[in-house]
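**Student:**
Number of protein chains: 4
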Amino acid sequence: MSHNTFGHLFRVTTWGESHGPALGCVIDGCPPGLALTPEWIQGFLDKRRPGTSRFVTQRQEADAVKILSGVFEDDRTGGPVTTGTPISLMIENTDQRSKDYSEIRDRYRPGHADFSYDAKYGVRDYRGGGRSSARETAARVAAGAVARCALGGGVTIRGAVVQIGPHAIDRAKWDWDQVGQNPFWCPDKDMAAQWEAFLDATRKAGSSAGAIVEVQASGVPAGWGAPVYGKLDAELAEAMMSINAVKGVEIGAGFAAAAFSGEQNADEMRSGNEGVRFLANNNGGVAGGISTGQDLVVRIAVKPTSSILNEVKSVTREGEDVDVRTKGRHDPCVGIRAVPVAEAMMACVLADAKLRHRGQTGR
Amino acid sequence: MSHNTFGHLFRVTTWGESHGPALGCVIDGCPPGLALTPEWIQGFLDKRRPGTSRFVTQRQEADAVKILSGVFEDDRTGGPVTTGTPISLMIENTDQRSKDYSEIRDRYRPGHADFSYDAKYGVRDYRGGGRSSARETAARVAAGAVARCALGGGVTIRGAVVQIGPHAIDRAKWDWDQVGQNPFWCPDKDMAAQWEAFLDATRKAGSSAGAIVEVQASGVPAGWGAPVYGKLDAELAEAMMSINAVKGVEIGAGFAAAAFSGEQNADEMRSGNEGVRFLANNNGGVAGGISTGQDLVVRIAVKPTSSILNEVKSVTREGEDVDVRTKGRHDPCVGIRAVPVAEAMMACVLADAKLRHRGQTGR
Amino acid sequence: MSHNTFGHLFRVTTWGESHGPALGCVIDGCPPGLALTPEWIQGFLDKRRPGTSRFVTQRQEADAVKILSGVFEDDRTGGPVTTGTPISLMIENTDQRSKDYSEIRDRYRPGHADFSYDAKYGVRDYRGGGRSSARETAARVAAGAVARCALGGGVTIRGAVVQIGPHAIDRAKWDWDQVGQNPFWCPDKDMAAQWEAFLDATRKAGSSAGAIVEVQASGVPAGWGAPVYGKLDAELAEAMMSINAVKGVEIGAGFAAAAFSGEQNADEMRSGNEGVRFLANNNGGVAGGISTGQDLVVRIAVKPTSSILNEVKSVTREGEDVDVRTKGRHDPCVGIRAVPVAEAMMACVLADAKLRHRGQTGR
Amino acid sequence: MSHNTFGHLFRVTTWGESHGPALGCVIDGCPPGLALTPEWIQGFLDKRRPGTSRFVTQRQEADAVKILSGVFEDDRTGGPVTTGTPISLMIENTDQRSKDYSEIRDRYRPGHADFSYDAKYGVRDYRGGGRSSARETAARVAAGAVARCALGGGVTIRGAVVQIGPHAIDRAKWDWDQVGQNPFWCPDKDMAAQWEAFLDATRKAGSSAGAIVEVQASGVPAGWGAPVYGKLDAELAEAMMSINAVKGVEIGAGFAAAAFSGEQNADEMRSGNEGVRFLANNNGGVAGGISTGQDLVVRIAVKPTSSILNEVKSVTREGEDVDVRTKGRHDPCVGIRAVPVAEAMMACVLADAKLRHRGQTGR
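Residue numbers (the numbering used here), protein chains in the order written: chain A, 648 to 1010; chain B, 648 to 1010; chain C, 648 to 1010; chain D, 648 to 1010.
#1: Going by DSSP in three states, D/His-1004 sits in which element: helix, strand or coil?
#2: Within 9 Å (strictly less), CB to CB, does D/Trp-662 reach chain B?
#3: Taking the runs of the alpha helix (DSSP H) that are 4 residues or longer, which of them lie wholly in the region 784-866 of chain D?
#4: Given the structure, does D/Phe-657 come close to the ligand PLP, in the sense that its CB is under 8 Å from one of the ligand's heavy atoms?
#5: Please list, in chain order, all residues of the same chain as D/Gly-690 whose beta carbon is under 8 Å from its beta carbon, the five residues on each side excluded.
#6: Could you name the residues of the same chain whose beta carbon sits closer than 7 Å to that of C/Pro-733, not counting the 5 residues immediately before and after it, in chain order?
#7: Let me see if you follow: with CB-CB separation under 9 Å, is B/Thr-699 close to chain C or not?
#8: In this structure, what does DSSP give as the bridge partners for A/Asp-970?
#9: When you compare the CB positions of D/Leu-943 and D/Leu-997, do they come within less than 9 Å of one another, or not?
#10: With C-beta atoms as the reference, is A/Pro-668 less than 9 Å away from A/Asn-740?
#11: A/Leu-683 and A/Thr-729 look like a contact to me (Cβ under 8 Å); what is the Cβ gap, rounded to whole Å?
#12: Are the region 979-998 of chain D and the region 782-789 of chain D touching, with three or more C-beta to C-beta distances below 8 Å?
#13: Let me make sure I understand the geometry here. Which of A/Val-862, A/Cys-995, A/Pro-979 has the alpha-carbon closest to that of A/Gly-698?
#14: Can you find a C-beta in chain D that's less than 9 Å from the C-beta of A/His-759?
#15: To the nearest angstrom, how far is it from the Cα of B/Pro-1054 to the Cα of A/Gly-671?
#16: Could you please give me the residues that DSSP links to C/Leu-943 through a beta bridge?
#17: Are the beta-carbon atoms belonging to C/Asn-891 and C/Ser-763 less than 9 Å from one another?
#18: Give the C-beta separation of B/His-759 and A/Ala-934 to the nearest angstrom, bearing in mind that I take them to be a contact with Cβ-Cβ under 8 Å.
#19: Taking 9 Å as the cut-off, decide whether the C-beta atoms of D/Leu-956 and D/Arg-946 are in contact.
#20: Please confirm whether D/Met-648 has its beta-carbon closer than 9 Å to some beta-carbon of chain C.
#21: Excluding the 5 residues preceding and the 5 following D/Ala-994 in the sequence, name in chain order all residues of the same chain whose CB lies nearer than 6 Å to its CB.
#22: Taking Cβ to Cβ, would you say B/Met-888 is nearer than 9 Å to A/Ala-904?
#23: Tell me which residues share the same chain as B/Met-838 and place their Cβ nearer than 6 Å to its Cβ, disregarding the 5 neighbours each side in the sequence.
#24: Buried or exposed: which applies to A/Gly-827, given that a residue is buried once 16 or more other Cβ atoms fall within 10 Å of its Cβ?
#25: Is the shortest distance between the beta-carbon of C/Asp-722 and the beta-carbons of chain A less than 9 Å?
#26: Starting from the beta carbon of B/Asp-772, find every residue of chain G whose beta carbon is closer than 7 Å, and list them in chain order.
#27: Just to confirm before moving on: does the CB-CB distance between A/Arg-1003 and D/Leu-656 stay below 9 Å?
#28: Give the DSSP-derived three-state secondary structure of A/Val-896 in the structure shown.
#29: Please list the terminal residues of the continuous alpha helix (DSSP H) segment that includes D/Leu-926.
#30: If I follow the unbroken beta strand (DSSP E) through B/Trp-687, where does it start and stop?
#31: What's the C-alpha gap between C/Met-648 and D/Gly-877?
#32: Which chain D residues sit within Cβ distance under 7 Å of A/Gly-676?
#33: Per DSSP, what kind of secondary structure is C/Lys-713 in: helix, strand or coil?
#34: Where does C/Gly-919 sit, in a helix, a strand or coil, going by DSSP?
#35: Could you please give the first and the last residue of the uninterrupted alpha helix (DSSP H) stretch that includes B/Glu-965?
#36: Tell me, please, whether the CB atom of D/Pro-685 is closer than 9 Å to any CB atom in chain B?
Okay, structure coming up:
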């Protein structure tokens, strides 16, 4: 992985700024012969799309994806399939309001990448955060849709928000069917109502809130991933931490495991009808960096949106003190829209792991 | 990063099994002209060495490192310096007691990589966990010592254990001078005494304990790292999660940030004598994947040692139920010896980031 | 380098098919702050553009390049500069005549990639050769223009055709000023006239001709490149051999060196005003994989265009014998248009070598 | 490929200097379950070993290889097999006569890497050329032996010398059985006798000679390799050009193709009993960067050994003119010992291509 490319055999390179003409990605190494339509990709982009509820940014973007290469009509079916050559996807930006940002041209917004980009490059597209904008994640979601094709139907990836601000769900009430029924991807019906009130208050207060997102993958066979630096959990950690605003990643029991005893933490095994049956999943589906066949379970901590209406202390590019209020159309809780992005990153990691496993072992 | 290689310009490839003749690493891309002696590397290996207290494994390994290539006498000083060519380091294994493991040849130890390695490769060196053994981390520590040379004296990396089992330190009592004074790398004198009692009890009970380790780097200039998949925090997350038994990684405020409001989380800035001065460090020294010049702060969750004397349910390779007790000489809390390993991984990530930054920007 | 990506720190990923909606590339790792306009890139594309003389394909393509990301207004100059983020370039295809190719849908053209693509992928965009078309090289030329920015003005790269069919130039008559004065990039005025007659005859005969192209780079400082698998000449060889229709690469004296004695081949040295002065350049500017400061000299053999009007024996996808004549608008000698492409590849290799050298050594 | 690592899924990292304690390589990504013994590797090393005839260096090296990791007893057979983890191979240096080199410590030998290494690194192990010595190729040959395991018995790789100095073999007399019968890997019995006289004269004259080596691989299925930068021929070119003293690479007809017409060059096809039958192999087994199923045919030009007894003009590190005669024990024609090295590089390229092809396509 190198700057703007992710993956080894299933490789995704993204490009584009928030307020440039377009953004997109190139997917190299996708297996040939897989059915792929713009509509399939669009379905995932629509889950991430801004402007769908009052709890996400009001920017209006169609986020319409175009397939520019790598797909051609299949001989037999006549339908579009991947050809094994690079798949170039493009999403044009249509609702940029660059003037919203003119006043932050010369001042660093705390918590944003403004200062660090300037320290690195000495020049940056300040409009909407440029390359550091969460808009870049649209390209990830598009790539993730292709990765799901490479994974095939046997692997199911789905995510949910499990905490907003200090309010965590009750895992005993977890209901996947609820996840699509509220604007928060919340699996706990009661908590969804509570978050609505909490986020309305947060928004009115000109503030923002953090969140914790959980992503699970079922159907991953035992054996994917590889020791010792290509560990499946290490690659998941890298993928997740590369998502904007993510500050923590844990697998299975995660940080809670630190307080466990060896017995509590052991994922005991018994023989089952279809091979080994595990009696617990504290390891979150990975041992020694290789999948065990259990569900992969990853949680990520998303910090509160840095762009807030309330005034915070900062400095200008010239080093003068200034107080900053960030106008514009921001998500009060970026963690919500991180769900389809985290799902997409898991899909990309798994597609790559599948191809590499097949390459090395022939299975 | 690809299977057994870590890094891009400063690249580390490790090899070796727990009970093979030796283990080691090849470091490619180290800048030339840096003073490097076996003694320098040995100093770091000695921090990680087994057998140094009753709280770590009693295996007796000298862990003596040999430099096989990449170092030659300097014209001017006559002392050994790096030449820019690959540095090959080797540590011979001397205290293998492979018979300890003969009985686990055909049974999977829960929480270990036994099952998943078999699922992937169909064959494995079962002695001491083979490649999945924590002995592999000796090679990382050796590589980390070289990485510190590449970083130079301006960057200081140090780590500490901040929680063992359910017992967390009091951060108000943090004293770096204490860290070398107890067998736990504990910065809180009072907690060190408490851990001693706790781990003695754990050991006697035939059990094990988890831990949380914190690593900090100071002196890292603003500008290292790069968006969007080579983010400094993403690479740190990958590096840390690749360490045996690590199940979680967080940067700065980490998971706690999920409960913060936007104001609480903002690292406000004011102009200072030497450029920008930050009023907080919730971001842990990274924004937008690029270092801010603040201290890098990373915490990792280490699960309890999987090898315990107490019986746990498992299966054999042939799929029969069996109860497993793991004899051998194991760390009651692997988190302790993870400290020099986590420091080494941070050194490797930063050395690589430094070289890549210099490559792209000339600074 | 991996499938559709070239380079390590200066990385180019190309995408697109001959008859798809567009083609392009993403350049990752370009240093920030370099002036870059579409006009600069267009100048190089125009050198490669089809339809400029009767000796190249009559396909009419504007090859107009768009910069979609990675460039923004400079604070000081107000002009567009690179920002250090990925530069996405797109060229729309406008003059596809896909029906020309309908009859080769099911038959393999000898010498083309039709058969091997099918063997690999089982599906291919047959229109104009799809991904294997020389149109892909437009993206390389665009990337090469950016690479020249990264190299700066001190490095000059230029190429020429030195042989067409059996007719080689007289090196004693080499005149760089002639190169732009004829449609063949020929440095030998007399030979240009001869080639004109030869290629007219070739074209009328429904045949095609091979060529040898030479590319030189001056101003490359001693020290770029690295042993032993990242050798500058090895990377040049890879880059050049990746160009469509290239079947051979040689550096300096190349194949002729096989017949030399050690004395003949030695590039003797004497001290000069500005350091070492070489008395010959049989090594073509590289020793031990590292540049010597002399001119880099690379020659490539380009086979005759595979698409010819004359009938050749072949088979259909179903395995039936068939005789193939390739209509369409083809270059009678693809070697001519290989000149700007080979220059571009050299620019990309050198830009990458410069950044890596700077990364490892700080110089 | 990056400095000292070659390959993507089948990755070889070599290390070591000519006069250091040892040299070796780490092979990462080798499939598990393949029988591998030191004796197998040794057989290939013995083909390359110095001191076997008066036409190669008289340095006496056993070149005994040790397997340090990655191989373990197989459950079923009890014999040693690869485990899928890194294979570390080491060859100790035993016959270094470093004093031979003390006088070249401060003077650059023309044609050698002395000057360019110094320009890059500012420090170098001058003894025997250090890292730039042809001794490094022992590690390649060892890696190639492992690559042949990964390829399996279906693929046969073999090489021969086809020209020494100005004396080329008669291809009509090509007899593979002759190749092992003379000290030149010469397939033409008559030419072998002629080379013997020529090289004796060359050696007595204190000079050296260049050569051309041809390597062929049969049994490679159609479909390996990939467009457009991972082309099989591009990777072969890179691999071959990375061998010491190689100055040119050609595939199939190579440079001769430049003089061909389109009809001459076309590898016509007819249907055969087992799929497509080619009527010629000017493409050398690759089209569009993908194997066609025909024999792969690669030729490399090896320059004369740079170390010669005759005096050549040079300079010292301090920039003073000096005349250099290189004593020591050198190959009068390094091209001879390049044969097993070139075979090894082809094996590594093909093993990597096989795994990547399997990864992307499942075949």
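C-beta atoms are modelled at their ideal positions from N, C-alpha and C, and glycine is treated no differently.
**Tutor:** Considering the structure as presented:
#1: In the three-state scheme derived from DSSP, where H, G and I count as helix and E and B as strand, D/His-1004 is classed as helix.
#2: It does: the Cβ of D/Trp-662 has a partner Cβ on chain B nearer than 9 Å.
#3: Runs of the alpha helix (DSSP H) inside the region 784-866 of chain D: 784-798, 836-851.
#4: For the ligand PLP, the structure offers nothing, since it holds no ligand at all.
#5: Only residues of its own chain outside the window of five on either side were considered, and among them Ala-792 have a CB closer than 8 Å to the CB of D/Gly-690, listed in chain order.
#6: Excluding residues within five positions, the ones whose Cβ falls inside 7 Å are Val-673, Ile-674, Asp-675, Ser-716, Gly-717.
#7: Answer no: the Cβ-Cβ gap between B/Thr-699 and chain C never drops below 9 Å.
#8: Its beta-bridge partners are A/Lys-960.
#9: In this structure, D/Leu-997 lies closer than 9 Å to D/Leu-943 by Cβ.
#10: Yes.
#11: Going by Cβ atoms, the distance from A/Leu-683 to A/Thr-729 rounds to 5 Å, so yes, they are a contact pair.
#12: With the cut-off at 8 Å, the region 979-998 of chain D and the region 782-789 of chain D touch.
#13: Considering only A/Val-862, A/Cys-995, A/Pro-979, the residue with the shortest C-alpha distance to A/Gly-698 is A/Pro-979.
#14: Not one chain D Cβ lies under 9 Å of A/His-759.
#15: Given a span of 648 to 1010 for chain B in the structure shown, any question on residue 1054 of chain B remains unanswerable.
#16: Partner residues in the beta bridge of C/Leu-943, as assigned by DSSP, are C/Ala-864.
#17: Taking a C-beta distance under 9 Å as the contact criterion, C/Asn-891 and C/Ser-763 do not qualify as a contact pair.
#18: Correct: roughly 7 Å between the Cβ atoms.
#19: Taking 9 Å as the Cβ cut-off, D/Leu-956 and D/Arg-946 do not qualify as a contacting pair.
#20: Bear in mind that a pLDDT of 46 at D/Met-648, under 50, signals an unreliable position, so the model cannot answer this.
#21: Cβ contact annotation for D/Ala-994 (same chain, cutoff 6 Å, sequence separation greater than five): Gly-791, Ala-794, Arg-795, Ile-804, in chain order.
#22: No, they are not a contact pair.
#23: So the list reads Ile-816, once near-sequence residues are dropped.
#24: By the 16-neighbour rule on beta-carbons within 10 angstroms, A/Gly-827 is exposed.
#25: For C/Asp-722, the answer is yes, since a Cβ of chain A falls inside 9 Å of its Cβ.
#26: Reference to chain G is not applicable here, since the protein chains of this structure are A, B, C and D.
#27: Yes.
#28: A/Val-896 sits in a strand when the DSSP states are folded into three classes.
#29: No alpha helix (DSSP H) holds D/Leu-926; DSSP gives it neither H nor E.
#30: Here B/Trp-687 belongs to no beta strand (DSSP E); instead the alpha helix (DSSP H) covers 685-695.
#31: Legend: pLDDT at C/Met-648 = 45, less than 50; position of this residue unreliable, no value from coordinates given.
#32: Within 7 Å Cβ-Cβ: Gln-1007.
#33: DSSP places C/Lys-713 within a strand segment (E or B) once states are collapsed to three.
#34: When DSSP states are grouped into helix, strand and coil, C/Gly-919 belongs to the strand group.
#35: Element bounds for B/Glu-965: n/a, residue is neither H nor E.
#36: Answer no: the Cβ-Cβ gap between D/Pro-685 and chain B never drops below 9 Å.
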